[in-house]
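Let me begin by presenting the structure, written as structure tokens, before commenting on it.
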DNA sequence: TTGTACGCGTTATCAA
DNA sequence: TTGATAACGCGTACAA
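Residue numbers (this note's numbering), protein chains in the order written: chain A, 26 to 355; chain B, 26 to 355.
Okay, here's the thing in structure tokens:
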């Protein structure tokens with residue numbers, strides 16, 4: 026590989042002059058700059074970013090931890106949106122990003138995770154959909170060795186921010202709309218996400234408020250964001266209720282198909298607004314959120330943390346709507 | 026950050042000794058090794074991989090170029106499988122990987138692409154679904170500056186291998202099966218992928234063979250792997266044919282839904298075997314391929330190229346089947 | 001304006 | 001068995 030020394034020799038100047046000619050053009054005379062550029066051209070010289078990182082005092086490298094399990098089969102669409110946004114932002118901020126899948130960490134100790142990240146000089150993280158199961162990632166957050174933004178999790182400290190839609194409000198709105206669109210809703214089945222999660226609890230609170238406002242009978246089951254579990258819950262309890270509200274579109278699809286197989290037709294509501302819903306051609310209310318925007322904002326917030334701001338809780342907008350096939354494929 | 030120098034001081038030895046104690050344990054006495062390990066423990070020392078790369082003669086870094094456009098909305102599922110497999114393999118081979126989206130290169134010149142890759146000391150690439158549009162990536166292949174494995178493209182040279190299913194055979198089989206499952210098929214609409222692509226040409230050849238064998242009337246249109254185009258083609262020509270064979274599942278879904286909207290029911294066939302098909306609950310023959318395995322094999326082949334083998338063409342297995350919702354969600 | 005010398009964190013060579 | 005030193009490729013303070 027051709028290095029800065031080769032360029033210096035070829036141009037007949039010192040390597041520091043080459044460096045200046047390339048990075049601080051104003052510190053070098055026009056003619057030496059041209060000599061240097063000519064040599065760069067002829068040799069096909071490309072600066073080694075690894076060496077630059079090593080030489081510079083402070084370099085920010087962002088680790089992106091994407092969740093592809095989450096007990097469901099089809100969040101690929103969401104993860105891809107997250108990654109694309111983060112990649113675009115990394116270009117904007119001139120920061121390097123490294124991609125990880127959360128499953129990589131499943132069989133690693135806290136020590137191993139810590140070592141893996143630090144060996145790559147990663148000093149900040151964006152963690153998407155942190156699942157409760159991975160205690161070691163929680164420890165990473167608690168230890169405060171990294172600047173972190175959590176997407177769709179709820180936790181804050183001096184170096185950690187989080188970002189999400191207002192889950193309480195969104196769940197309230199989509200459920201309320203679905204209730205009002207239909208007549209005589211008395212008994213509601215709520216298929217929640219994971220048990221004990223902060224976000225799931227917020228949503229359940231919304232459902233309980235609605236329970237009082239509409240004098241509903243409310244049955245709560247946990248589907249763990251898994252379409253198969255949602256299907257089984259629906260097969261078991263679906264016939265006794267007037268409506269099914271789900272904590273994710275995936276579970277809503279599971280519930281709808283289960284109802285169809287049972288020969289029943291009942292209102293259903295989902296959450297997320299993923300395109301997959303459009304492909305399924307099922308028609309239910311859902312909470313649509315902009316995953317790309319959420320990830321972009323997460324990146325902005327991370328840069329803000331690096332600049333010294335304290336961890337905070339950020340809310341992004343949502344919209345209650347239906348996902349249509351013909352809109353999706355445009 | 027704590028460096029090897031800090032460890033050396035703490036342990037009371039030279040840093041070269043620390044390096045040996047950690048990497049070539051046998052070259053160091055047991056007691057100094059223990060001293061070093063104790064210091065490492067106490068200080069929480071983690072070696073800096075950037076510095077290691079700089080210091081070592083030869084380091085392999087693999088760039089993964091994933092295609093998220095491809096004129097279609099929903100190949101996220103496939104890309105995720107590719108990435109997961111490559112990440113797993115990178116662990117196995119102890120090689121670093123860097124992820125790119127092909128769209129990043131859209132507005133870059135060949136020179137810029139080359140610089141971006143080389144600045145990160147990337148010396149080999151896996152390119153998934155290289156689209157004809159990006160001439161600059163083609164140039165990257167032709168220049169032979171990188172060891173490359175192409176997934177689902179057809180090109181070979183001294184440093185480039187490619188891997189795919191046997192597109193001719195697969196297309197032949199799935200179309201033949203669909204023809205034989207139905208009676209009096211005379212006129213067939215083939216919605217191909219991109220015009221001029223090698224793989225599309227192979228598949229069209231298969232269709233032409235079938236045309237002669239079954240004395241079919243064959244109408245070929247290009248849907249560019251886009252479900253909307255497939256829909257429009259079907260709306261225009263669907264009523265005049267007995268069967269529609271598509272170059273991708275996505276286009277098959279577009280065709281099926283178009284037929285449904287036209288109030289017609291005709292046999293359709295797809296290609297890829299993606300899970301999305303199961304979620305759509307449409308029931309058509311398709312070619313199922315193992316994306317994870319394909320990507321794993323691509324990585325193996327890349328390592329083989331690095332070890333000195335010549336570029337070759339690798340075929341992986343496929344299976345003609347139908348994708349069922351209940352199988353998908355298990 | 002240009003060049004010398006040092007530091008970044010690590011491995012490798014060679015002498016002690 | 002250990003340690004001093006050079007080298008990897010680059011940026012930069014400082015001296016010329």
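Don't be surprised by glycine CBs; every beta carbon is placed ideally from N, CA and C.
Computed from a prediction, not measured in an experiment: that's the story for all the values here.
Check, Outcome
"Interfacial residues, the stretch 59-82 of chain B to chain A, with Cβ spacing under 9 Å", "69, 71, 72, 73, 74, 75, 76, 77, 78, 79"
"Contact with chain A by residue 304 (chain B), beta-carbon distance below 8 Å", "yes"
"Where the alpha helix (DSSP H) through residue 55 (chain B) begins and ends", "55-68"
"Nearest to residue 180 (chain A) (by Cα), restricted to the options A:166, A:171, A:191, A:42", "A:166"
"Contact check, residue 235 (chain B) vs residue 244 (chain B), beta carbons under 8 Å", "no"
"Status (buried if at least 16 other CB within 10 Å, exposed otherwise) for residue 285 (chain A)", "exposed"
"Residue 343 (chain B) - DSSP class collapsed to helix/strand/coil", "coil"
"Exposure label - residue 162 (chain B); buried when at least 16 CB within 10 Å", "buried"
"Distance, residue 229 (chain A) Cα to residue 89 (chain B) Cα", "41 Å"
"Stretch pair the stretch 299-307 of chain B + the stretch 335-353 of chain B: three plus CB contacts closer than 8 Å", "yes"
"Extent of the continuous beta strand (DSSP E) to which residue 332 (chain A) belongs", "Run containing residue 332 (chain A): none; DSSP gives neither H nor E here."
"Alpha-carbon spacing of residue 347 (chain A) relative to residue 72 (chain B), whole angstroms", "51 Å"
"Neighbour list for residue 101 (chain A) in chain B, Cβ cutoff strictly below 7 Å", "101, 102, 105"
"CA nearest to the CA of residue 324 (chain A), picked from A:250, A:77, A:269, A:151", "A:151"
"Cβ neighbour criterion (16 or more within 10 Å) applied to residue 119 (chain A)", "exposed"
"DSSP-derived helix/strand/coil call for residue 297 (chain A)", "strand"
"Supposed close pair residue 225 (chain B), residue 217 (chain B) - CB separation, criterion 8 Å", "5 Å"
"Span of the beta strand (DSSP E) around residue 186 (chain A)", "185-190"
"Sequence-distant residues of the same chain with beta carbon closer than 7 Å to residue 27 (chain A), five excluded per side", "68, 69, 70"
"Residues in the stretch 145-174 of chain B having any Cβ partner in chain A nearer than 8 Å", "145, 146"
"Cβ-Cβ distance between residue 252 (chain B) and residue 276 (chain B) below 8 Å", "yes"
"Bridge partner(s) assigned by DSSP for residue 125 (chain A)", "A:90"
"Per-residue burial, residue 105 (chain B) [other beta carbons within 10 Å of its own, 16 or more giving buried]", "buried"
"Distance CB(residue 112 (chain A))-CB(residue 129 (chain B)) smaller than 8 Å", "yes"
"Where residue 257 (chain A) falls: helix, strand or coil (DSSP)", "helix"
"Alpha carbon of residue 169 (chain A) to alpha carbon of residue 148 (chain A), nearest angstrom", "10 Å"
"Three or more C-beta pairs below 8 Å linking the stretch 44-61 of chain B and the stretch 325-341 of chain A", "no"
"Exposure of residue 75 (chain B), with buried meaning 16 or more beta-carbon neighbours within 10 Å", "buried"
"Three or more C-beta pairs below 8 Å linking the stretch 183-190 of chain A and the stretch 198-215 of chain A", "no"
"Minimum length 3: unbroken beta strand (DSSP E) runs contained in the stretch 174-245 of chain A", "185-190, 212-217"
"Any C-beta of chain A under 8 Å from that of residue 264 (chain B)", "no"
"Reduced DSSP secondary structure (H/G/I, E/B, other) of residue 310 (chain B)", "strand"
"Burial state of residue 160 (chain B) (16 or more Cβ within 10 Å)", "exposed"
"Cutoff 7 Å; reference residue 281 (chain B); Cβ partners in own chain excluding five residues on either side", "293, 307, 309"
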